[in-house]
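One structure below.
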Amino acid sequence: MKQLPLGIQTFRDIIESDNIYVDKTKDIYNLLSNNDKNFFFLSRPRRFGKSLLISTLEEIFLGNQELFKGLWIYDKIEWKKYPVIRIDFTSLTYSNGINGFQKSFLAEVKAMYRRHNLKIETDDYKEAFKELIEKLGKKDKVVILIDEYDKPITEFIENTEIRNIMKDIIKDFYLVIKESDRYIKFAFLTGVSKFAKVSVFSGLNNLRDITLEDKFSTMLGYTESELFSYFKEHIKATAKKLNVTQKYLKNTLKTWYNGYSWDGKNFVYNPFSILNVLTVQQIDNYWFQSGTTTLLVKLIKEKNVDVEKLENIEISKSMLDSFEIEDI
Numbered sequence: 006m007k008q009l010p011l012g013i014q015t016f017r018d019i020i021e022s023d024n025i026y027v028d029k030t031k032d033i034y035n036l037l038s039n040n041d042k043n044f045f046f047l048s049r050p051r052r053f054g055k056s057l058l059i060s061t062l063e064e065i066f067l068g069n070q071e072l073f074k075g076l077w078i079y080d081k082i083e084w085k086k087y088p089v090i091r092i093d094f095t096s097l098t099y100s101n102g103i104n105g106f107q108k109s110f111l112a113e114v115k116a117m118y119r120r121h122n123l124k125i126e127t128d129d130y131k132e133a134f135k136e137l138i139e140k141l142g143k144k145d146k147v148v149i150l151i152d153e154y155d156k157p158i159t160e161f162i163e164n165t166e167i168r169n170i171m172k173d174i175i176k177d178f179y180l181v182i183k184e185s186d187r188y189i190k191f192a193f194l195t196g197v198s199k200f201a202k203v204s205v206f207s208g209l210n211n212l213r214d215i216t217l218e219d220k221f222s223t224m225l226g227y228t229e230s231e232l233f234s235y236f237k238e239h240i241k242a243t244a245k246k247l248n249v250t251q252k253y254l255k256n257t258l259k260t261w262y263n264g265y266s267w268d269g270k271n272f273v274y275n276p277f278s279i280l281n282v283l284t285v286q287q288i289d290n291y292w293f294q295s296g297t298t299t300l301l302v303k304l305i306k307e308k309n310v311d312v313e314k315l316e317n318i319e320i321s322k323s324m325l326d327s328f329e330i331e332d333i
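According to the numbering used here, the sequence shown is numbered sequentially starting from 6.
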């Protein structure tokens, strides 16, 4: 029985450790096959597989075909190595405000220069990032992968002054990407929220938001067929431990963790919760326990919101597209 990849967000580690990998490479192939756009944005909740998706894309663009042996995409694409720039905004420093973030970002860019054996010629983080793209893109076009684009903003969500400054900094950062378009083959950005998308990405007018597109609705999370196929042995073991039938356990899992849909038709299970349930072999609120949404709780209390009235509420798709952080 293969091990569960709980806490592992790196594609290479999952494959080389022979952990369970739910094959999403057909969805990735569909993403890469879009000829009209090469800049993409995807929003999903935290702990939903965004970092693993970024890691998988990185290995594809690094040309590491052997890691994908046995997976759908293995013989479907031309495997070629491209220079990859990957930034995880959750790994940067926010404890010292704006200056701390800028220094942390510059340090990250300098590390990229070292990885690519390039010499950095400026201490301006935006200029350094622009030069990095240009230098790498002279031979082969560059791939840019950005994880948790909204972290610099959500980190200061309750501090209006710092938050607005950070929005401008991030907006300028994405403007650099737009201005470097001719050097870029593919760019993919993820985030938890969409509230800053319109203003922060205003420079990236060629960005395609696939968050609510039908064809990518199950790219993250586990479908019911994936859950009962890839994890059948673990479901059997968990049912035995809980002294219930597999049918009962499957229905329980569906009730607790199958409430996510981005097209209104296909539902997916929360992967973090599923991996925890099958590891601990106990039903619980794992996702909520991993990080309480303190701001949401605070707003509900301040505005005296009746939570029960929020159930089954419907809003238009356009509201999501136009939502800004100031609307909170």
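Glycine included, each C-beta is placed from N, C-alpha and C at the ideal position.
Cβ-based neighbour list, residue i, same chain, cut-off 6 Å, excluding 5 preceding and 5 following
i, result
"residue 213", "42, 45"
"residue 98", "105, 109"
"residue 6", "238"
"residue 48", "196, 199, 216"
"residue 148", "66, 87, 89, 190, 191"
"residue 235", "25, 27"
"residue 84", "68, 70"
"residue 271", "222, 223"
Endpoints, the beta strand (DSSP E) within which residue i is located
i, result
"residue 190", "189-196"
"residue 91", "89-93"
"residue 338", "A query on residue 338 cannot be resolved here, the shown segment of the chain reaching from 6 to 333 and no further."
"residue 150", "147-152"
Identified DSSP bridge partners for residue i
i, result
"residue 272", "266"
"residue 340", "With the chain covering only 6 through 333, there is no way to say anything about residue 340."
"residue 8", "24"
Where residue i falls, given that 16 or more other Cβ within 10 Å makes a residue buried
i, result
"residue 120", "exposed"
"residue 201", "Caution applies to residue 201, whose pLDDT of 48 falls short of 50 and renders its modelled position unreliable; the value that the coordinates give is listed next. So residue 201 ends up on the buried side."
"residue 320", "exposed"
"residue 141", "buried"
"residue 253", "exposed"
"residue 133", "buried"
"residue 143", "exposed"
"residue 53", "buried"
"residue 275", "buried"
"residue 304", "exposed"
"residue 223", "buried"
"residue 193", "buried"
"residue 60", "buried"
"residue 21", "exposed"
"residue 73", "buried"
Sequence-distant residues of its chain with Cβ nearer than 7 Å to residue i (five each side left out)
i, result
"residue 11", "280, 281, 284"
"residue 318", "none"
"residue 81", "34"
"residue 117", "90, 137"
Residue i, enclosing alpha helix (DSSP H) - first and last residue
i, result
"residue 36", "30-37"
"residue 181", "165-184"
"residue 235", "229-235"
"residue 60", "55-66"
"residue 113", "102-120"
"residue 159", "156-159"
"residue 99", "It is not in any alpha helix (DSSP H) - residue 99 carries neither H nor E in the DSSP assignment."
"residue 138", "130-142"
"residue 293", "291-294"
Of the residues the options, the one placed nearest residue i, counting alpha carbons only
i, options, result
"residue 256", "229, 18, 276, 136", "229"
"residue 64", "123, 16, 303", "16"
"residue 31", "225, 306, 232, 18", "225"
"residue 227", "100, 273, 313", "273"
"residue 50", "264, 176, 259", "264"
"residue 157", "114, 129, 93", "93"
"residue 14", "245, 23, 58", "58"
"residue 131", "114, 146, 145", "114"
"residue 129", "266, 122, 146, 107", "107"
"residue 100", "146, 160, 111", "160"
Neighbourhood of residue i by C-beta distance below 8 Å, restricted to the same chain and skipping five residues each side
i, result
"residue 136", "125, 126, 127"
"residue 139", "185, 188"
"residue 103", "167, 170, 171, 174"
"residue 77", "28, 30, 31, 34"
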